[in-house]
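Student: Numbering (my numbering), first residue to last: 139 to 552.
Note that the Cβ used here is the ideal one computed from N, Cα and C, for glycine as well.
In structure tokens, the structure reads:
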């Protein structure tokens, strides 16, 4: 617990506008999100606070603004490898009732249909070298009624979310990686015009591309020839493409084409995934940065799936779906605490271990250790003056190796 507090305090010290009461509260809250094994709501936070904060305090503090994007950017730059890409993915959050702000039917990837609840637009920094993702910020999506009142679409909101966060995103990477849903000109062109970010994504299977002409200059009158035929995704002209990478599982072809939808040149990675019995799956990945090699485009796009583990760990272990508040501010604060707590766990339990000695990261074990630590500390405080515990005896100190063994009791991979 001391190491976790030290990590959080060190990052908060870099934020000059955060006062001591808020620093103490956030440190306490993030550790509780890692320690509580049941549902994480305001009442449970009070029960595990040992009198430090009341339920009403948690409610009022969760209503206040805290710049999680700045906090997590500092943390990522301090403990990450420095080789990042930015991921953005809206995630469905289960929520019943009709009185919570911004509830509506949103797309749920798990059930492959629209379901009633909330949606969090989550930014993450994917660490390429460490093969993990750091949470940056979570922003609540407006429902249909809110969009109509503001005369915007949900896509407009996603674009605005990138604008709001661009100050921190651009400190970490030049590349924003999104899924095929965002391969639309309304998203891509606005991001390129108003930020310094490039887009990496996957295109639909029937793109409207044109090959670029690179032959000898045409003689005579008329405009120079720009294009050299239409790109056919099912039967591409491999003579106009370059093999960028090949192994037993995949072949990646590199080509710069003209996109009619975007009205600009883009670099594509025409990728053939080789399955069992010779079955092939074709995917078209792209980048608006023409200097990025095709194999890197595929590497970056596939790396974005690390952020899915953030959602999984948040929903299974740190109460991402547990918030019982109905206000948008409290919901965003809760979501950000849930996902930021995973960052803290990764720094202490994963990145602090030399790369060659690392095992797989298990949030289940993290929760078990943090809960054991909370319980043992509680035990020592309750019997502080009881001679039976012999607290002055170094053989029964909380720092004793035998006592430390209790912290990992019940861990799957201890």
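Using a 10 Å radius around the Cβ and a threshold of 16 neighbouring Cβ atoms, would you call residue 234 buried or exposed?
Tutor: With fewer than 16 Cβ atoms within 10 Å of its Cβ, residue 234 is classed as exposed.
Student: Of all the options 276, 252, 175 and 248, which has the alpha carbon lying nearest to the alpha carbon of residue 203?
Tutor: The residue with the shortest Cα to Cα distance from residue 203 is 276.
Student: Sort out for me which residues DSSP pairs residue 231 with in a bridge.
Tutor: Paired residues: 256.
Student: May I have the straight-line CA-CA distance separating residue 185 from residue 152, to the nearest angstrom?
Tutor: Distance between the alpha carbons of residue 185 and residue 152 is about 31 Å.
Student: Give the list of continuous alpha helix (DSSP H) stretches no shorter than 4 residues that lie fully inside the segment 298–384.
Tutor: For the segment 298–384, whole alpha helix (DSSP H) runs of length 4 or above, ordered along the chain, are 323–332.
Student: Counting pairs of Cβ atoms below 8 Å between the segment 253–268 and the segment 180–198, do you hit three or more?
Tutor: Segments in contact, no.
Student: Using a Cβ-Cβ cut-off of 7 Å (strictly less than) and excluding sequence neighbours within five positions of residue 453, which residues of its own chain qualify?
Tutor: The residues are 459.
Student: Below 7 Å between beta carbons: does that hold for residue 182 and residue 169?
Tutor: Their beta carbons are not under 7 Å apart, which means residue 182 does not touch residue 169 by this criterion.
Student: When we look at the beta-carbon of residue 154 and count the other beta-carbons within 10 Å, is it buried (16 or more) or exposed?
Tutor: Per the 10 Å Cβ criterion, exposed.
Student: What number of angstroms, rounded off, separates the C-alpha of residue 272 from the C-alpha of residue 346?
Tutor: Going from the Cα of residue 272 to the Cα of residue 346 covers about 35 Å.
Student: Rounded to the nearest angstrom, what separates residue 172 and residue 515 at their Cα positions?
Tutor: For residue 172 and residue 515, the distance between alpha carbons rounds to 15 Å.
Student: With distance defined between alpha-carbon atoms, name the residue in 161, 274, 246 and 263 nearest to residue 230.
Tutor: Checked all of 161, 274, 246 and 263; the closest Cα to residue 230 is 246.
Student: Can you tell me whether DSSP reads residue 226 as helix, strand or coil?
Tutor: It is a strand residue.
Student: Should residue 498 go down as buried or exposed, given a rule of 16 or more other Cβ atoms within 10 Å for buried?
Tutor: Exposed.
Student: Taking the alpha carbon of residue 447 as the point to measure from, which residue in 494, 496 and 225 has its own alpha carbon closest?
Tutor: Residue 447 has its Cα closest to that of 225, out of 494, 496 and 225.
Student: Give the secondary structure of residue 248 by DSSP, where H, G and I count as helix, E and B as strand, and everything else as coil.
Tutor: In this structure, residue 248 counts as coil in the three-state DSSP scheme.
Student: Hey, quick one: how far does the alpha helix (DSSP H) through residue 484 stretch, first residue to last?
Tutor: Segment 466–484, the alpha helix (DSSP H) holding residue 484.
Student: Classify residue 461 as helix, strand or coil using the three-state DSSP reduction.
Tutor: Note: residue 461 maps to coil in three-state DSSP.
Student: Excluding the five sequence neighbours on either side, which residues of its own chain have a C-beta within less than 7 Å of the C-beta of residue 206, listed in chain order?
Tutor: Cβ within range, chain order: 275, 474 and 478.
Student: So what does DSSP say about residue 288, is it helix, strand or coil?
Tutor: Of the three classes helix, strand and coil, the one that applies to residue 288 here is helix, per DSSP.
Student: Please name the residue in 270, 440 and 409 whose C-alpha comes closest to that of residue 496.
Tutor: That would be 270, whose Cα lies nearest to the Cα of residue 496.
Student: Kindly give me the distance between the Cβ atoms of residue 337 and residue 314, rounded to whole angstroms, as I take these residues to be in contact under 8 Å.
Tutor: That pair is a contact at about 6 Å.
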